[in-house]
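A.B. asks: Residue numbers (UniProt numbering): 1 to 48.
Heads up, the beta-carbon is just placed ideally off N, CA and C, and yes, glycines get one too.
Mind looking over this structure? Questions follow.
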Amino acid sequence: MVAGADSEDSKRSLLMEFEEEAAIFDGFTGLVGFVSRSEMKRKAKKRM
Numbered sequence: 001m002v003a004g005a006d007s008e009d010s011k012r013s014l015l016m017e018f019e020e021e022a023a024i025f026d027g028f029t030g031l032v033g034f035v036s037r038s039e040m041k042r043k044a045k046k047r048m
């Protein structure tokens, strides 16, 4: 880390990068969850 005013900027940009990654990850897990739910529904229908 760089001391002084630079450290604040780098912290902020790092945080923004992290938030972006988190949003992408949330979207990905949401998609996976949706797919697995619809798969379970399909399998449940086959069993009936």
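Leaving aside the five residues before and after Glu17 along the sequence, list all residues of the same chain whose C-beta is less than 8 Å from its C-beta, in chain order.
C.D. replies: none
A.B. asks: Helix, strand or coil for Met16, going by three-state DSSP, please let me know.
C.D. replies: In the three-state DSSP reduction, Met16 falls in the helix class (H, G or I).
A.B. asks: If you reduce the DSSP assignment to three classes, tell me which class Ser40 lands in.
C.D. replies: The residue you asked about is not Ser; residue 40 is Met in the sequence shown. It is helical.
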